[in-house]
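Chemist: Sharing a structure below in structure tokens format, with a few things to ask.
In full-length UniProt numbering, the protein residues as written are 1 to 440.
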């Protein structure tokens, strides 16, 4: 059994029947709904002519899975090169979350700053035939961008990554709208294009950004090529419909949710999995416990407290937390994190802008608990300390970072991969809620 999506567009588009798609700038045409048909076609999604119209062949599945791979964080890469974090990320800490303008202006800051610590990526394809890209799936943003073939060779960050070449895709359609994403002193600039984007075997005709200018720092050190935002449409720059919203509009998912599993086993190359349309019980124990989002259009939830051992230290009157798949560390207001690190005996290693602990003391560290709803989500020392080697020596870094986010979105705690790795996370767009279950 295979699901065939008929893509039929009105005749005034000026594209003859048999061509792939018709697009007008900044406007998406409707897609006629799905038919269930018997077919012997291979399971991979391809353009297919059915009844004289272009269409997609999509496997009829309950869930659509994206395997994730684990990579060293950019912070770790810089450390191994003997570089300071400030060398790779100049003045970045002071420019995050000025997102209000993003709803109205083409140029706007975004939450990509914290990609310096991202460790997980998955593969997508763009175009016909498929061009493969490694991307971060980021709940803190809503746009898709990848490096462009038109990116100048002067930008080594482009040369060292996969680049999209529109001239090699038969399904490419131009848009041309200029777009810029600011990262403190780093930036991504480019223009919008439209082509088939395939995620977890699901093809959609998607507006995305071709990056023609990438600052070498930090992207020269990244092992991912681009970013696929999984945030709400309200976060999207230039009003572009996010990829997951396009997928939901096809009505092929069992539920309008996606779940994220991050493996914390450093011995495995497999980093985890994102599942579109549901979750996998083999990844967790017990039940999901859900929390309604606290800010419309963002994956934010109410945080009732942060405690060390049995002592409640912060958020006595409540705080806000962002559940962010694009960040490895847990971040909070700098003053709060400083107190928290003193409470567990960690010291600041200024050269690498990180807190460290003696590795032999990990088993002695107190639990740190985050209180969401009526539950305490506990992180043991082994969960919030990352062990790594540098020049033959073992180092233990605490996966917390101080980060001050100004109003209106801040102050804010950001729950990154070190939290998601312990608690399998479901993002429910249908009910505007986030669910946590204990990971296996």
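Glycine is no exception: its CB is placed at the ideal position from the N, C-alpha and C atoms.
Please state the DSSP three-state secondary structure of residue 283.
Modeler: Helix.
Chemist: When the Cα atoms are used, what is the spatial distance from residue 276 to residue 293?
Modeler: Approximately 19 Å between the Cα atoms of the pair.
Chemist: Hey, quick one: how far does the beta strand (DSSP E) through residue 412 stretch, first residue to last?
Modeler: Here residue 412 belongs to no beta strand (DSSP E), and DSSP marks it neither H nor E.
Chemist: Leaving out the 5 sequence neighbours to the left and right, which residues in its chain are closer than 6 Å to residue 305 when beta-carbon positions are compared?
Modeler: If we look at residue 305 and ignore the five residues flanking it on each side, its Cβ neighbours are 312, 315, 371.
Chemist: Note down the Cα distance separating residue 208 from residue 378, rounded to an integer number of angstroms.
Modeler: Rounded to whole angstroms, residue 208 to residue 378 spans 38 Å at the Cα level.
Chemist: Kindly indicate which three-state DSSP category residue 363 falls into: helix, strand or coil?
Modeler: Residue 363 falls in the helix class under three-state DSSP.
Chemist: Can you tell which of 232, 272, 439, 347 has its C-alpha closest to the C-alpha of residue 143?
Modeler: Taking only the C-alpha atoms, the option nearest residue 143 is 232.
Chemist: Going by beta carbon distance, what residues of the same chain come within less than 6 Å of residue 421, once the five residues before and after it are set aside?
Modeler: Counting only Cβ-Cβ distances below 6 Å, and skipping sequence neighbours, we find 262, 264.
Chemist: For residue 243 and residue 156, I'd like the C-alpha separation in whole angstroms.
Modeler: About 28 Å.
Chemist: Out of curiosity, what's the CA-to-CA distance linking residue 386 and residue 168?
Modeler: Cα to Cα, the separation comes out at about 42 Å.
Chemist: Out of 299, 302, 192, 158, state which residue places its alpha-carbon closest to the alpha-carbon of residue 178.
Modeler: Comparing Cα-Cα distances from residue 178 to each of 299, 302, 192, 158, the minimum goes to 192.
Chemist: Tell me the rounded alpha-carbon separation between residue 234 and residue 308.
Modeler: Approximately 35 Å, taken between the alpha carbons.
Chemist: So, with DSSP's three-state summary, where would you put residue 337?
Modeler: The answer is helix: DSSP assigns residue 337 an H, G or I state.
Chemist: For residue 433, which residues in the same chain have their Cβ closer than 8 Å to its Cβ, ignoring the five residues on either side in sequence?
Modeler: Within the same chain, residue 433 has close Cβ partners 290, 291, 292, 293.
Chemist: Suppose contacts are defined by Cβ-Cβ distances below 8 Å. Is residue 365 in contact with residue 339 by that definition?
Modeler: It is not a contact, given that the beta carbons lie outside the stated cut-off.
Chemist: Could you pull the start and end residues of the alpha helix (DSSP H) that residue 238 belongs to?
Modeler: Here residue 238 belongs to no alpha helix (DSSP H), and DSSP marks it neither H nor E.
Chemist: Quick check: what's the CA-CA separation for residue 129 versus residue 374?
Modeler: Approximately 50 Å between the Cα atoms of the pair.
Chemist: In chain order, what residues of the same chain have a beta carbon less than 7 Å from the beta carbon of residue 382, not counting five sequence neighbours either side?
Modeler: The answer, listed in chain order, is 362.
Chemist: Nearest to residue 260 by alpha carbon, out of 423, 225, 431, 429?
Modeler: Closest option to residue 260, Cα to Cα, is 423.
Chemist: Can you check the region 159–239 for any alpha helix (DSSP H) of at least 4 residues that lies completely inside it and give the ranges in chain order?
Modeler: As far as the region 159–239 is concerned, its whole alpha helix (DSSP H) runs of at least 4 residues are 216–219.
Chemist: Can you give me the Cβ contacts of residue 77 inside the same chain, cut-off strictly under 6 Å, excluding the 5 residues immediately before and after it?
Modeler: The predicted model places residue 77 with a pLDDT of 44, which falls under 50 and marks its position as unreliable; any figure quoted below should be read in that light. 221, listed in sequence order.
Chemist: For residue 414, I'd like the list of residues in its chain whose CB is within less than 6 Å of its CB, leaving aside the five on either flank, ordered along the chain.
Modeler: For residue 414, where only same-chain residues beyond five positions count, the Cβ hits under 6 Å are 322, 324, 327, 331.
Chemist: Measuring CA to CA, which of 134, 63, 139 is closest to residue 300?
Modeler: The shortest Cα separation from residue 300 among 134, 63, 139 belongs to 139.
Chemist: Would a C-beta distance cut-off of 8 Å place residue 226 and residue 288 closer than the cut-off?
Modeler: No, the pair does not count as a contact, with Cβ atoms beyond the cut-off.
Chemist: For a test of the three-state rule: what should DSSP assign to residue 346, helix, strand or coil?
Modeler: Note: residue 346 maps to coil in three-state DSSP.
Chemist: Rounding to the nearest angstrom, what Cα-Cα distance links residue 170 and residue 122 in this structure?
Modeler: Rounded to whole angstroms, residue 170 to residue 122 spans 24 Å at the Cα level.
Chemist: So residue 349 packs on residue 357, CB below 8 Å; how close in whole Å?
Modeler: With 8 Å as the limit, residue 349 and residue 357 do not qualify as a contact, their Cβ atoms being about 10 Å apart.
Chemist: Excluding the 5 residues preceding and the 5 following residue 284 in the sequence, name in chain order all residues of the same chain whose CB lies nearer than 7 Å to its CB.
Modeler: Here the set comprises 424, 437, 438, 439, 440.
Chemist: According to DSSP, residue 475 sits in a beta bridge with which residue or residues?
Modeler: Missing from the structure shown is residue 475; the chain here goes from 1 to 440 and no further.
Chemist: For residue 138, which residues does DSSP report across the bridge?
Modeler: BP columns for residue 138 point to 229.
Chemist: Tell me the rounded alpha-carbon separation between residue 408 and residue 295.
Modeler: So the alpha carbons of these two residues sit roughly 11 Å apart.
Chemist: Are the CB atoms of residue 154 and residue 188 nearer to each other than 8 Å?
Modeler: No, these two residues do not count as a Cβ contact at 8 Å.
Chemist: Helix, strand or coil for residue 307? Go by DSSP, reduced to three states.
Modeler: Correct three-state label for residue 307: strand.
Chemist: For residue 211, which residues of its own chain have a beta-carbon under 6 Å away from its beta-carbon, when the five flanking residues on both sides are left out?
Modeler: Cβ neighbours of residue 211 beyond the five flanking positions: 145, 147, 148, 188, 190.
Chemist: Across which residues does DSSP place residue 126 in a beta bridge pair?
Modeler: Paired residues: 131, 197.
Chemist: Roughly how many angstroms lie between the CA atoms of residue 303 and residue 333, to the nearest whole one?
Modeler: So the alpha carbons of these two residues sit roughly 13 Å apart.
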